[in-house]
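Residue numbers (the numbering used here): 1086 to 1175.
We treat Cβ as the ideally placed atom computed from N, Cα and C, and that holds for glycine.
Read the structure below first, then the notes.
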(Lines of atoms letter the chains of each structure in order from A and count residues from 1; the text may use other names and numbers.)
(Lines give C-alpha, C1' and ligand atoms only; values in the text may rest on other atoms or scores of the structure.)
Protein backbone atom coordinates (compact mmCIF):
# COMPACT_ATOMS: atom_id res chain seq x y z
CA UNK A 1 0.00 0.00 0.00
CA UNK A 2 1.24 3.50 -0.84
CA UNK A 3 2.21 5.75 2.08
CA UNK A 4 -0.46 8.38 2.67
CA UNK A 5 -3.25 6.17 1.30
CA UNK A 6 -6.12 4.83 3.33
CA UNK A 7 -6.78 1.14 2.65
CA UNK A 8 -10.56 1.63 2.92
CA UNK A 9 -11.29 4.28 0.37
CA UNK A 10 -8.07 5.53 -1.16
CA UNK A 11 -8.35 8.84 0.67
CA UNK A 12 -5.33 10.86 1.63
CA UNK A 13 -4.33 10.32 5.23
CA UNK A 14 -4.00 13.76 6.84
CA UNK A 15 -1.52 12.38 9.36
CA UNK A 16 1.08 11.56 6.70
CA UNK A 17 0.84 14.49 4.29
CA UNK A 18 -0.45 17.36 6.35
CA UNK A 19 -3.29 17.92 3.87
CA UNK A 20 -7.00 17.99 4.54
CA UNK A 21 -8.76 14.68 4.26
CA UNK A 22 -10.26 14.00 0.84
CA UNK A 23 -12.96 11.38 0.70
CA UNK A 24 -14.48 9.30 -2.04
CA UNK A 25 -18.00 10.24 -3.10
CA UNK A 26 -20.61 8.05 -1.45
CA UNK A 27 -23.48 6.79 -3.62
CA UNK A 28 -25.48 6.20 -0.41
CA UNK A 29 -25.45 9.95 0.25
CA UNK A 30 -26.61 10.65 -3.29
CA UNK A 31 -29.41 8.11 -2.69
CA UNK A 32 -30.42 9.87 0.56
CA UNK A 33 -30.67 13.24 -1.20
CA UNK A 34 -32.51 11.69 -4.16
CA UNK A 35 -29.89 12.09 -6.91
CA UNK A 36 -29.17 8.42 -7.63
CA UNK A 37 -31.43 5.56 -6.65
CA UNK A 38 -30.11 1.98 -6.61
CA UNK A 39 -31.77 -0.45 -8.99
CA UNK A 40 -32.19 -2.91 -6.16
CA UNK A 41 -30.87 -3.74 -2.71
CA UNK A 42 -29.59 -7.18 -1.81
CA UNK A 43 -30.48 -9.10 1.32
CA UNK A 44 -26.94 -8.30 2.51
CA UNK A 45 -27.67 -4.55 2.36
CA UNK A 46 -25.57 -3.97 -0.76
CA UNK A 47 -27.01 -1.52 -3.27
CA UNK A 48 -26.93 -2.52 -6.92
CA UNK A 49 -26.95 0.04 -9.74
CA UNK A 50 -27.94 -0.58 -13.36
CA UNK A 51 -26.12 1.09 -16.26
CA UNK A 52 -28.52 4.06 -16.26
CA UNK A 53 -27.87 4.76 -12.58
CA UNK A 54 -24.11 4.37 -13.08
CA UNK A 55 -24.19 6.86 -15.97
CA UNK A 56 -26.16 9.28 -13.78
CA UNK A 57 -23.62 8.88 -10.98
CA UNK A 58 -20.81 9.61 -13.44
CA UNK A 59 -22.58 12.81 -14.55
CA UNK A 60 -22.93 13.85 -10.90
CA UNK A 61 -19.23 13.26 -10.27
CA UNK A 62 -18.28 15.28 -13.35
CA UNK A 63 -20.40 18.20 -12.16
CA UNK A 64 -19.01 17.93 -8.61
CA UNK A 65 -15.41 18.14 -9.83
CA UNK A 66 -15.50 21.91 -10.57
CA UNK A 67 -17.37 22.50 -7.31
CA UNK A 68 -21.02 22.49 -8.37
CA UNK A 69 -23.33 22.03 -5.38
CA UNK A 70 -25.81 19.19 -5.04
CA UNK A 71 -28.92 21.42 -5.28
CA UNK A 72 -27.66 22.82 -8.60
CA UNK A 73 -26.82 19.32 -9.84
CA UNK A 74 -30.35 18.20 -8.91
CA UNK A 75 -31.75 21.07 -11.01
CA UNK A 76 -29.55 20.20 -14.00
CA UNK A 77 -30.54 16.53 -13.84
CA UNK A 78 -34.23 17.43 -13.48
CA UNK A 79 -34.01 19.69 -16.55
CA UNK A 80 -32.27 16.96 -18.52
CA UNK A 81 -34.92 14.42 -17.50
CA UNK A 82 -37.76 16.83 -18.41
CA UNK A 83 -36.09 17.55 -21.77
CA UNK A 84 -35.71 13.87 -22.61
CA UNK A 85 -39.36 13.20 -21.67
CA UNK A 86 -40.52 16.03 -23.91
CA UNK A 87 -38.50 14.76 -26.87
CA UNK A 88 -39.94 11.24 -26.45
CA UNK A 89 -43.51 12.64 -26.56
CA UNK A 90 -42.95 14.67 -29.72
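Distance, residue j Cα to residue i Cα
i: residue 1143; j: residue 1125; result: 18 Å
i: residue 1132; j: residue 1116; result: 10 Å
i: residue 1127; j: residue 1157; result: 31 Å
i: residue 1154; j: residue 1160; result: 10 Å
i: residue 1134; j: residue 1151; result: 25 Å
i: residue 1129; j: residue 1136; result: 21 Å
Exposure label - residue i; buried when at least 16 CB within 10 Å
i: residue 1112; result: buried
i: residue 1166; result: exposed
i: residue 1141; result: buried
Range covered by the alpha helix (DSSP H) that runs through residue i
i: residue 1139; result: 1136-1149
i: residue 1115; result: 1112-1117
Nearest-angstrom Cβ-Cβ length linking residue i and residue j, presumed shorter than 8 Å
i: residue 1138; j: residue 1118; result: Not really, about 14 Å apart at Cβ, beyond 8 Å.
i: residue 1162; j: residue 1120; result: 7 Å
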